[in-house]
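Going by the working numbering, the sequence shown opens with residue 1, and the numbers climb by one from there.
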Amino acid sequence: MERRIYEAAVDGSVASLIHLLQEDALVLDRFMVSCHSETPLHIASMLGHVDFVQEIVSQKPELAGELDSRKASPLHLASAKGYLVIVKKLVSVNPEMCYVRDRDGRNPLHVAAIKGHVNVLRELVQVRPQAARMLMDRGETILHACVRYNQLESMKFLLDILGDREVVNYKNNDGNTILHLAVADKQTEVCLTYQMSYNFN
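Here it is as structure tokens:
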């Protein structure tokens, strides 16, 4: 049964999911009480199967709060892939997942910023703006991540919404601000954006 539901998730087959639920109404519950590396919702979220995700969360919304073996939620995976429709569905079911950190210390907003998915980032910030202020491992802000992964558009968007000097000038555990990281990596566009945003001389 488990193999069949995983296959349905990989294929995005809502018809197969419904058939399996008719055979065994508790099949989704078993994923919540057993130790699987990922749930069918993780798989469907990662592969962009919108209808399958919608059907699963309508049947068992609690699955949106399950974590995989890397402590990533379905929201982390959809955010990483840039699947805006799935992100919207998942946060409508469980908006608090915006705060959950994976094994690397990143919440879904951090992941969206690192991958450059500004549309997803915008949605998540609207749902839970404080999640954008959470620190990652090594005491880094989401802006540090934008610089580290060379995501200028994510950084520009975040500077508009997090534009206070405290966040912008925050030092990570190594004592580096985002400007230090940008200069060290010779990211002149980041330096210019930073300077224009704050009129530094």
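Cβ coordinates follow ideal geometry from the N, Cα and C atoms, glycine included. In this text, all values refer to a predicted model and were calculated from it rather than measured experimentally.
Check, Outcome
"When the Cα atoms are used, what is the spatial distance from Val-27 to Ser-45?", "18 angstroms"
"In the DSSP assignment, find the alpha helix (DSSP H) that holds His-110 and state where it starts and stops.", "108-115"
"Tell me which residue opens and which closes the alpha helix (DSSP H) that Arg-202 is part of.", "Within the shown structure, residues of the chain are numbered from 1 to 201, placing residue 202 beyond reach of any answer."
"Between which two residues does the alpha helix (DSSP H) carrying Asn-176 extend?", "Looking at the DSSP string, Asn-176 is not in any alpha helix (DSSP H), and its letter there is neither H nor E."
"Look at the alpha carbon of Ile-142 and the alpha carbon of Gln-22, and state the distance between them as a whole number of angstroms.", "44 angstroms"
"Can you tell me whether His-19 is buried or exposed, with buried defined as 16 or more other CB within 10 angstroms of its CB?", "exposed"
"Tell me whether Leu-17 is buried or exposed, calling it buried when 16 or more other Cβ atoms sit within 10 Å of its Cβ.", "buried"
"For the alpha helix (DSSP H) that contains Asp-29, what are its first and last residues?", "27-33"
"Would Ala-15 be called buried (16 or more neighbouring beta carbons within 10 Å of its own) or exposed?", "exposed"
"When the Cα of Thr-177 is compared with those of Phe-52, Arg-103, Arg-148, which residue comes out closest?", "Arg-148"
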